[in-house]
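Undergrad: Pasting a structure below so you can have a look.
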Amino acid sequence: MTHDAPRPSYTIRPVAAEFRPGDPAAPWADITPIWIGHYLWLANDYRPAVEVRLCWSRGFLHVRFRVGEKRVRVKYTKFQDPVYKDSCVEFFIDAFPESRQGYINFETNAAGALLAAFGPDRSRREPLWPEDLAGFDVVSSIPGPIDGEHGAAEWTLEYRIPLALFRKIYGQEVRPGHRAAANFYKCGDETEVPHYGAWSRVETPAPDFHRPEFFGQVVFG
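The numbering used here puts the first residue of the sequence shown at 3, with every later residue one more than the last.
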């Protein structure tokens, strides 16, 4: 597969009603999932099943992960901690790729601690501040630090990203039919079994998720 090879595409379903993460009335059962299926770089046969669902409302982009892991590591609990060392799921999105400004990385461990930044590549990133994320909410099925079994076969994590963040960063509005570039990842650099999974395959010799040339497409339906 080369840079010019076809990339996966996903249509983000619009929903009429606003809802918060964890709302039992949320429409997730009606949302088509995608899967993180490319486990890369390490030949250890550890490939946790990860399902991702997205929808969007007038004010928010909603994201939900369901992760098939019985044993997890959660050490970090603060905003902008290096959560990628824990059991972690990640969503990278370039909301307006035609503008060539960069992409936002949302990295969350299994307890919902968030690392987020913006920039064009790995080396040139500006961390987001709490005021940038006003309205960002996250809920996880794992409440806090843990190292080992958490009592279930899977864990879930759900958050909503205010669309105002995209307006602030890109100076543009997301509208129906808009095409963005994105990738979804599963990792755990310092977990019991390190692993690196992606939705859209990353073609590099060493682990590197900060490669927007390998992003897939997400369409706001």
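Cβ coordinates follow ideal geometry from the N, Cα and C atoms, glycine included.
Predicted model only: the values in this text are computed from it and were never measured.
Runs of 4 residues minimum, wholly inside the segment 33-108: which ones carry the alpha helix (DSSP H) assignment?
TA: With a minimum length of 4 residues, no continuous alpha helix (DSSP H) run stays inside the segment 33-108.
Undergrad: With H, G and I counted as helix, E and B as strand and the rest as coil, what does DSSP make of leucine 116?
TA: Looking up residue 116 in the sequence shown gives position 114. DSSP places leucine 116 in strand when its eight states are reduced to three.
Undergrad: What is the C-beta distance between alanine 28 and valine 76, in whole angstroms, given that I count them as a contact (C-beta under 8 angstroms)?
TA: Taking the sequence shown and counting its residues from 1, one reaches residue 28 at position 26. Taking the sequence shown and counting its residues from 1, one reaches residue 76 at position 74. Contact flag wrong, Cβ pair sits at about 24 angstroms.
Undergrad: Under 6 angstroms Cβ to Cβ from glycine 104, same chain only, skipping five residues before and after it: list those, please.
TA: The count along the sequence shown starts at 1 and reaches residue 104 at position 102. For glycine 104, where only same-chain residues beyond five positions count, the Cβ hits under 6 angstroms are Phe120, Gly121 and Pro122.
Undergrad: With DSSP as the reference, label alanine 31 as helix, strand or coil.
TA: Taking the first residue of the sequence shown as 1, we reach residue 31 at position 29. DSSP places alanine 31 in helix when its eight states are reduced to three.
Undergrad: Starting from the Cα of glutamate 156, find the closest Cα among Thr79, Leu116, Ser59 and Phe67 and give me that residue.
TA: On the sequence shown, residue 156 is found 154 positions in, with the first residue counted as 1. For the residues Thr79, Leu116, Ser59 and Phe67, the minimum Cα distance to glutamate 156 belongs to Phe67.
Undergrad: Would valine 1 pass as a contact of alanine 184 if the rule is Cβ separation under 7 angstroms?
TA: The structure shown does not extend to residue 1, since the chain is modelled only from 3 through 223, so no value can be given for it.
Undergrad: Under 7 angstroms Cβ to Cβ from arginine 213, same chain only, skipping five residues before and after it: list those, please.
TA: As a first step, residue 213 is located in the sequence shown; it is residue number 211 there, counting from the start. Val204 and Thr206.
Undergrad: With a threshold of 16 other CB atoms inside 10 Å of the CB of tryptophan 37, please say whether the residue is buried or exposed.
TA: Mapped onto the sequence shown, residue 37 falls at position 35. Classification for tryptophan 37: exposed.
Undergrad: How many whole angstroms separate the CB atoms of alanine 208 and tryptophan 43, which I take to be in contact at a CB cut-off of 8 angstroms?
TA: If you number the sequence shown from 1, residue 208 lands on position 206. If you number the sequence shown from 1, residue 43 lands on position 41. About 7 angstroms separates the two Cβ atoms, so the contact holds.
Undergrad: Taking C-beta to C-beta, are glutamate 160 and valine 141 nearer than 7 angstroms?
TA: Walking along the sequence shown from the start, residue 160 turns up at place 158. Walking along the sequence shown from the start, residue 141 turns up at place 139. It is a contact, given that the beta carbons lie within the stated cut-off.
Undergrad: For the beta strand (DSSP E) that contains aspartate 166, what are its first and last residues?
TA: Position 164 of the sequence shown holds residue 166. Looking at the sequence itself, residue 166 is alanine, so the reference to aspartate does not match. Not the beta strand (DSSP E): alanine 166 falls in the alpha helix (DSSP H), residues 165-172.
Undergrad: Between the Cα of alanine 51 and those of Phe216, Gly70 and Thr110, spot the shortest distance and give me the residue it belongs to.
TA: Working through the sequence shown from its first residue, we reach residue 51 at position 49. The candidate whose alpha carbon is nearest that of alanine 51 is Gly70.
Undergrad: Within 10 angstroms of its Cβ, does arginine 74 collect 16 or more other Cβ (buried), or is it exposed?
TA: By one-based count along the sequence shown, residue 74 stands at place 72. It is worth fixing the name first, because residue 74 is valine in this sequence and not arginine. That one is buried.
Undergrad: Quick one: Cα of tyrosine 252 to Cα of glycine 61, how far?
TA: For the chain, the structure presents residues 3 to 223; residue 252 sits outside this window and is missing.
Undergrad: Short of 7 angstroms in beta carbon distance, which residues of its chain neighbour aspartate 83, apart from the five on each side in sequence? Order them along the chain.
TA: Start at 1 with the first residue of the sequence shown, and residue 83 comes out as number 81. Taken in chain order, the residues that qualify are Ala115 and Leu117.
Undergrad: So arginine 9 packs on phenylalanine 217, CB below 8 angstroms; how close in whole Å?
TA: Translated into positions along the sequence shown, residue 9 becomes position 7. Translated into positions along the sequence shown, residue 217 becomes position 215. Indeed, because the Cβ distance is near 7 angstroms, the residues count as touching under 8 angstroms.
Undergrad: Does the beta-carbon distance from lysine 87 to aspartate 191 come in below 7 angstroms?
TA: Residue numbering aside, residue 87 sits at position 85 when the sequence shown is read from its first letter. Residue numbering aside, residue 191 sits at position 189 when the sequence shown is read from its first letter. Yes.
Undergrad: For proline 16, which residues in the same chain have their Cβ closer than 8 angstroms to its Cβ, ignoring the five residues on either side in sequence?
TA: Counting from one through the sequence shown, the residue named residue 16 turns up at place 14. Excluding residues within five positions, the ones whose Cβ falls inside 8 angstroms are Cys57, Trp58, Ser59, Pro178, Phe222 and Gly223.
Undergrad: Taking Cβ to Cβ, would you say alanine 182 is nearer than 7 angstroms to alanine 97?
TA: Numbered from its first residue, the sequence shown carries residue 182 at position 180. Numbered from its first residue, the sequence shown carries residue 97 at position 95. Cβ distance < 7 angstroms, so alanine 182 and alanine 97 count as in contact.
Undergrad: Measuring alpha carbon to alpha carbon, tell me which of Ala136, Glu20 and Tyr48 ends up nearest lysine 188.
TA: Taking the sequence shown and counting its residues from 1, the one referred to as residue 188 is at position 186. Among Ala136, Glu20 and Tyr48, the Cα nearest to that of lysine 188 is on Tyr48.
Undergrad: Closer than 6 angstroms by C-beta to tyrosine 12: which residues in its own chain qualify, once you throw out the five before and the five after it? Chain order, please.
TA: Within the sequence shown, the letter at position 10 stands for residue 12. Answer for tyrosine 12: Ile36 and Val220, listed in chain order.
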